[in-house]
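Visitor: Numbering (my numbering), first residue to last: 1 to 176. Take a look at this one; I'll ask things after.
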Ligand SMILES: NC(=O)c1ccc[n+]([C@@H]2O[C@H](COP(=O)([O-])OP(=O)(O)OC[C@H]3O[C@@H](n4cnc5c(N)ncnc54)[C@H](OP(=O)(O)O)[C@@H]3O)[C@@H](O)[C@H]2O)c1
């Protein structure tokens, strides 16, 4: 299973501006275009429960695209389940990937947040990372990873300047 992680960060490594959960107030339209083109291309998207809550207003469920939300309490969300489109799981990333492989899925787009990124990285499950860096400094906010001691090495594959302000789109391979 190929796992691609996609994240947006400020220059000082923040994925949220302080406590504000809405990243669309500071992400460039070029990054939004990039992010939504990945969402369009992928039919399996995984995210943490807090990311789901934060991005609910922009999530458009559709046939043929499965979103899996990781939570320790999947039963709590049973009334929100839309079979094959929006499902909740309390499995470990490793077990979840095995189950999804058995169902025939070959690729996952992992869209955060920090806690879930760390779980996947800790278990060596991520193959590549798209990281957009907006030329902004926030001083406070969430990080790309959280809650696990990690020691990962990455290899830069490509770098692209997305606009005049200097929003950068970096693509990395994650060494396993
Ligand atoms: N800039 C970006 O690219 C970007 C991307 C994504 C998110 N974000 C932002 O980051 C914030 C969310 O990140 P976050 O780190 O707080 O949360 P998160 O990683 O999205 O979700 C954390 C939740 O995942 C569940 N979880 C944690 N460990 C688990 C495990 N072992 N098994 C199953 N479920 C587990 C728990 O849900 P329960 O509490 O339900 O058990 C936990 O509260 C939001 O503000 C969002 O806007 C930014």
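Each residue gets a CB set at the ideal place from its N, CA and C atoms; glycine is no exception.
Taking 7 Å as the limit between beta carbons, can you name the residues of its chain near residue 106, skipping five residues before and five after?
Guide: Here residue 106 is taken as the residue at index 106 of the chain shown, counted from 1. Same-chain partners within the cutoff: 1 and 2.
Visitor: If you scan the stretch 18–48 from start to end, which runs of the beta strand (DSSP E) of 3 or more residues do you find wholly inside it?
Guide: 44–48
Visitor: What is the DSSP secondary structure of residue 157, reduced to helix, strand or coil?
Guide: Numbered from 1 along the chain shown, position 157 holds the residue referred to as residue 157. Correct three-state label for residue 157: strand.
Visitor: On the DSSP letters alone, give me the boundaries of the beta strand (DSSP E) that residue 94 sits inside.
Guide: The sequence position of residue 94 within the chain shown is 94, counting from 1. Looking at the DSSP string, residue 94 is not in any beta strand (DSSP E); the run it does join, the alpha helix (DSSP H), is 93–102.
Visitor: Quick one: measure Cβ to Cβ for residue 170 and residue 133, integer angstroms, because I've assumed they're closer than 8 Å.
Guide: In the chain shown, counting from the first residue as 1, residue 170 sits at position 170. In the chain shown, counting from the first residue as 1, residue 133 sits at position 133. About 7 Å separates the two Cβ atoms, so the contact holds.
Visitor: Three or more beta-carbon pairs under 8 Å between the stretch 82–89 and the stretch 13–28, yes or no?
Guide: No, the stretch 82–89 is not in contact with the stretch 13–28.
Visitor: Thinking just about the alpha-carbon of each residue, which of 85, 54, 59 and 57 is nearest to the one in residue 68?
Guide: Translated into the one-based positions of the chain shown, residue 68 becomes position 68. The residue with the shortest Cα to Cα distance from residue 68 is 85.
Visitor: If you compare alpha carbons, which of 176, 131, 82 and 43 is closest to residue 152?
Guide: Mapped onto the chain shown, residue 152 falls at position 152. Nearest option by C-alpha distance: 176.
Visitor: So residue 2 is in the beta strand (DSSP E); what residue range does that whole segment cover?
Guide: For the purposes of this step, residue 2 is taken as residue 2 along the chain shown, with counting starting at 1. Its beta strand (DSSP E) spans residues 2–10.
Visitor: In whole angstroms, what is the alpha-carbon distance linking residue 179 and residue 51?
Guide: The shown model of the chain, from 1 to 176, leaves out residue 179, and the question about it has no answer.
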